[in-house]
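The next block holds one structure in the form of structure tokens; read it before the comments.
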Amino acid sequence: MTAILAVDMAGYSRLMEQNEEDILTRQKVHRTELFDPQIATRGGRIVKTTGDGMLVEFASAQDAVRCAINIQVAMADREGASPEERRILYRLGINLGDVLFEDGDIFGDGVNVASRLEGLAKPGGVCISDIVHQAVADKIKVPFRDMGNQRVKNISRPIRVWQWTPDASLPSPELPKVAQQQQVQFATAPDGVQIAWASIGQGCRC
4 MTAILAVDMA GYSRLMEQNE EDILTRQKVH RTELFDPQIA TRGGRIVKTT GDGMLVEFAS
64 AQDAVRCAIN IQVAMADREG ASPEERRILY RLGINLGDVL FEDGDIFGDG VNVASRLEGL
124 AKPGGVCISD IVHQAVADKI KVPFRDMGNQ RVKNISRPIR VWQWTPDASL PSPELPKVAQ
184 QQQVQFATAP DGVQIAWASI GQGCRC
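Printed below as a string of structure tokens:
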């Protein structure tokens, strides 16, 4: 079982048409300063690269997800000052499954699903399969939204997908209703000591 991270640049053809030299230069800097160090730190291995993305394998789903989140958070900061139409954004997909190794490349259902998940991710976001979510849910406290079962190209079975985006936030825990109704007030004792007291409800009016 291998964790596969699929990476793709959103709108690559459009960006290249606008300014090929600028995009290639920035892409190289992001790769050197961000992608490669993060992947190495998490024990990942770049299997292959394409013009607008790459395929990376990790020994654990947790390392793959932490790497992906760190990259996307950093990318939002690195590209935040660029005009929206020229901003470089990546889509990331992660799956956990069996793969086949041949001539330095990897193949199999695990790779195919990761690639489809990447296609479902919002630019700047991460999509993971349900098996990855189960593996990391208790270890990585970031908010993934359940997208339900998705039908994807060339995969006969539906894939349950979870998505993270940079603007996602953990839900605030609700206070018990009793605590929400509690009112705290202050009083001063005859000796000058400040006393805090709490009341719940309105008491008896009989």
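Residues 4 to 209 (the numbering used here) make up the sequence shown, in order.
Backbone N, C-alpha and C fix where the C-beta goes; we use that ideal spot for every residue, glycine too.
From a predicted model like this one, the values you see are computed outputs, not experimental measurements.
(1) Using three-state DSSP, classify GLN184 as helix, strand or coil.
(2) For GLY56, is the beta carbon positioned less than 6 Å from some heavy atom of the ligand GDP?
(3) Closest to ILE158 by C-alpha separation, out of LYS142, GLN166, ASN115, THR52, would be which residue?
(4) Comparing C-alpha positions only, which one of GLU60, GLY56, GLU20 sits nearest to PHE110?
(5) Considering ILE97, what are the terminal residues of the beta strand (DSSP E) in which it resides?
(6) On a CA-only basis, which of GLY56, ALA117, VAL135 is nearest GLN30? Give me that one, please.
(7) I'd like to know if the segment 34-54 and the segment 121-138 are in contact, where contact means that at least 3 CB-CB pairs between them fall below 8 Å.
(8) Compare the Cα-Cα distances from SER118 to each of ALA138, ILE97, GLU88 and report the closest residue.
(9) Suppose you measure from the CA of ALA64 to the CA of LEU99; what does that come to, to the nearest Å?
(10) By a C-beta neighbour count over all protein chains shown, 10 Å radius and 16 as the cutoff for buried, is GLN75 buried or exposed?
(11) Tell me whether THR35 is buried or exposed, calling it buried when 16 or more other Cβ atoms sit within 10 Å of its Cβ.
(12) Can you give me the C-alpha to C-alpha distance between ASP149 and THR28, rounded to a whole angstrom?
(13) Which of helix, strand or coil does DSSP assign to GLY128?
(14) Are the beta-carbon atoms of ARG89 and CYS70 separated by less than 7 Å?
(15) DSSP state of ALA140, grouped into three classes?
(16) Tell me the DSSP secondary structure of MET19 in three-state form.
(17) How long is the line joining the alpha carbons of VAL102 and THR5, rounded to whole angstroms?
(18) In terms of residue numbering, what span does the alpha helix (DSSP H) encompassing ASN115 cover?
(19) Look at the Cβ atom of LEU95, then the Cβ atom of VAL129, and state whether they are nearer than 7 Å.
(20) Please go through the same chain and pick out, in chain order, the residues whose beta-carbon is closer than 6 Å to the beta-carbon of TYR15, but skip the five residues on each side of it.
By the coordinates alone:
(1) The pLDDT assigned to GLN184 is 49, lower than 50, so where the model puts this residue is not dependable; a value taken from the coordinates is nonetheless given after this. Reduced to three states, the DSSP call for GLN184 is helix.
(2) Only the bare structure without any ligand can be found here, which leaves the ligand GDP out of the picture.
(3) Nearest C-alpha to ILE158: ASN115.
(4) Looking from the CA of PHE110, the closest CA among GLU60, GLY56, GLU20 belongs to GLU60.
(5) First-last of the beta strand (DSSP E) with ILE97: 93-100.
(6) Checked all of GLY56, ALA117, VAL135; the closest Cα to GLN30 is GLY56.
(7) At 8 Å Cβ cutoff, the stretches do not touch.
(8) Comparing Cα-Cα distances from SER118 to each of ALA138, ILE97, GLU88, the minimum goes to ILE97.
(9) So the alpha carbons of these two residues sit roughly 7 Å apart.
(10) When all chains shown are included, GLN75 counts as buried.
(11) With fewer than 16 other Cβ atoms inside 10 Å of its own Cβ, THR35 counts as exposed.
(12) Near 36 Å, if we compare the C-alpha coordinates of THR28 and ASP149.
(13) It is coil, neither helix nor strand.
(14) At least 7 Å separates the beta-carbon of ARG89 from that of CYS70.
(15) ALA140 falls in the coil class under three-state DSSP.
(16) For MET19, the secondary structure class from DSSP, reduced to helix, strand or coil, is helix.
(17) Taking the straight line joining both Cα atoms gives about 7 Å.
(18) Secondary structure note for ASN115: its alpha helix (DSSP H) is the uninterrupted segment 112-123.
(19) Between LEU95 and VAL129, the gap from beta carbon to beta carbon is short of 7 Å.
(20) Within its own chain, the residues whose Cβ lies closer than 6 Å to the Cβ of TYR15, once the five positions on either side in sequence are excluded, are ASP55, listed in chain order.
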